[in-house]
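Reviewing the structure listed below.
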Amino acid sequence: MKTKSQTESKSFPSNEDGLQAFIEKRRSLRLPLFVLEIRWRKYNKVFIGHTQNISIGGLFMSTERSLHAGERFPIEFVLPDKKTKINCTGEVTWTRSYAAEGAGSEGIGVRFVDLNDQKMKAIGQWIRKQETSKKKQA
């Protein structure tokens, strides 16, 4: 079975923007989230994907659609609190595909491009609330 680093289509970015996105990728607290439905548009069609984690800076979206680093598209989702709707532009910062079945999820790393401060704060508060809840249960 191949490892993640052997099968990622972009394991380490080669350009300056990609490198900065790679560094930023882990600066924000990231929360695993498996049920968040993401709607995004491309070529006047609406697609639905699911995220596996989210941070105030972006998310990982499982998708088999072929998108490339640098592509931008409108995305929309509602936080699991069922109150906060997020609409913004997403930019693909990296892609991952797996040659071996069962090696993990194919998908894309998406950076929030024009997320306003209020929505960013709402995502951050939701993440902190989930983390606090996990610590209390431990």
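Counting in my numbering, the sequence shown runs from 47 upward without gaps.
Using N, Cα and C, we set each Cβ at its ideal position, and we do this for glycine too.
C-alpha gap between residue i and residue j, whole angstroms
| i | j | result |
| --- | --- | --- |
| E117 | M166 | 21 Å |
| K181 | R174 | 11 Å |
| I100 | S151 | 15 Å |
| Y89 | F158 | 20 Å |
| K91 | Q183 | 42 Å |
| A168 | Y144 | 33 Å |
| K129 | S179 | 19 Å |
Close Cβ partners of residue i (< 8 Å) along its chain, the five nearest in sequence each way excluded
| i | result |
| --- | --- |
| V156 | G104, L105, F106, M107, I121, G136, E137, V138 and T139 |
| G153 | G95, Q98, F106, M107, S108, T109, T141 and R142 |
| F93 | R85, W86, R87, T109 and R111 |
| I69 | Only weak support exists for where I69 lies, its pLDDT of 47 falling under 50; the value from the coordinates is given anyway. Cβ within range, chain order: n/a, list empty. |
Whole-angstrom C-beta distance between residue j and residue i, which should lie under 8 Å
| i | j | result |
| --- | --- | --- |
| I84 | G170 | Wrong, their Cβ atoms sit about 18 Å apart, outside the cutoff. |
| D160 | C134 | 5 Å |
Residue-level contact to chain C via CB, residue i, 9 Å cutoff
| i | result |
| --- | --- |
| E117 | No chain C appears in this structure, which consists of one protein chain only. |
Same chain, Cβ closer than 7 Å to residue i, neighbours up to 5 away in sequence not counted
| i | result |
| --- | --- |
| D127 | W172 |
| E54 | Model confidence at E54 stands at a pLDDT of 40, short of 50, so the residue's coordinates are unreliable; what they give is reported in the following sentence. Closer than 7 Å at Cβ, skipping near neighbours: R142. |
Proximity below 9 Å, CB of residue i to CB of residue j
| i | j | result |
| --- | --- | --- |
| F119 | K131 | no |
Neighbourhood of residue i by C-beta, 6 Å cutoff - its chain only, sequence neighbours within 5 removed
| i | result |
| --- | --- |
| L125 | W172 |
| L113 | V138 and I154 |
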